[in-house]
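Data block below; observations after.
Residue numbers (the numbering used here): 36 to 136.
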């Protein structure tokens with residue numbers, strides 16, 4: 036997303052080289068609007084902000100399914116960099132991720 040590629044396309048390209056996986060999610064705002072507070076700009080000028088896993092625009096289930104279908108059997112970890120308190124956001128994201136693995 037940071038380079039304005041779709042998450043599924045990025046996973047499809049990289050999955051054959053995977054040695055470690057982490058998942059995260061983002062809120063998105065189009066470049067036609069000013070950068071919202073707490074967001075950062077992508078390569079093409081769109082805007083992203085970290086979100087609780089499952090609350091953003093990343094098709095997390097489809098990405099995890101592609102990783103699993105590749106035969107990868109290592110760790111899949113949660114990365115969180117959003118504005119919500121990590122004390123509530125991380126457990127919520129972890130519960131979401133557990134249902135997918």
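Using N, Cα and C, we set each Cβ at its ideal position, and we do this for glycine too.
- When the Cα atoms are used, residue 64 and residue 109 turn out to be separated by approximately 33 Å.
- Boundaries of the beta strand (DSSP E) around residue 111: 111 to 113.
- For residue 83, the enclosing beta strand (DSSP E) starts and ends at 82 to 86.
- Between residue 43 and residue 97, the gap from beta carbon to beta carbon is short of 9 Å.
- Straight-line measurement puts the Cα of residue 72 at about 34 Å from the Cα of residue 53.
- Under DSSP, residue 57 takes part in a beta bridge, and its partners are 112.
- DSSP places residue 124 in the helix class (H, G or I) of the three-state scheme.
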